[in-house]
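Input: a single structure, listed below in structure tokens.
In the UniProt record's numbering, the protein residues as written are 1 to 161.
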């Protein structure tokens, strides 16, 4: 896990790049529980690039708030590339944002739906394209969540650059 000052630089960089490009970001977070949104709003000027975010911790919230299809949830389960992709697309549409980042994963301490602790999918939707990345983080629950938030910010920066 990168140190706190590096993360601070990454969240500031994300806000700066979004502001420079005139883009609005929204978040759709599950296992991170709002951590990415919190990192963004820690930065002065965040209100120019961030209007709202979604914490959809349970399956029903993913379906009801973000429009993730019930069939996708049944077939792939919440922790999957398919759900991460639908979360990002749905958040972007619902918030009328330019960019959306979504995170779904298993933070621990035990497996979920047969999927191991540390398995996280992060998706970024921008300009009608969705990039989904799979990660296998190690460490305790807090560490998995922090690594996911860090990599979500990094994916946003890499996608909009």
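Glycine included, C-beta positions come from ideal geometry on N, C-alpha and C.
As the structure is a prediction and not an experimental result, all values here were calculated from the model.
Here the C-alpha atom of residue 145 lies approximately 23 Å from the C-alpha atom of residue 24.
Sequence-distant Cβ neighbours of residue 85 in its own chain, meaning closer than 6 Å and more than five residues away, are 123, 130, 132. Taking 7 Å as the cut-off, the beta carbon of residue 83 is found no closer than this to the beta carbon of residue 99. Straight across, the Cα-Cα distance linking residue 77 with residue 102 is about 15 Å. For residue 119, the secondary structure class from DSSP, reduced to helix, strand or coil, is strand. In the DSSP secondary-structure assignment, residue 78 is not bridged to any residue. Looking at 160, 65, 16, 136, the one whose alpha-carbon comes closest to that of residue 41 is 16. For residue 160, the enclosing alpha helix (DSSP H) has its first and last residue at 141–160. Between residue 53 and residue 72, the gap from beta carbon to beta carbon reaches 7 Å or more. Beta bridge pairing from DSSP links residue 126 with 99, 129. When the beta-carbon positions are compared, residue 114 and residue 137 stay at least 7 Å from each other.
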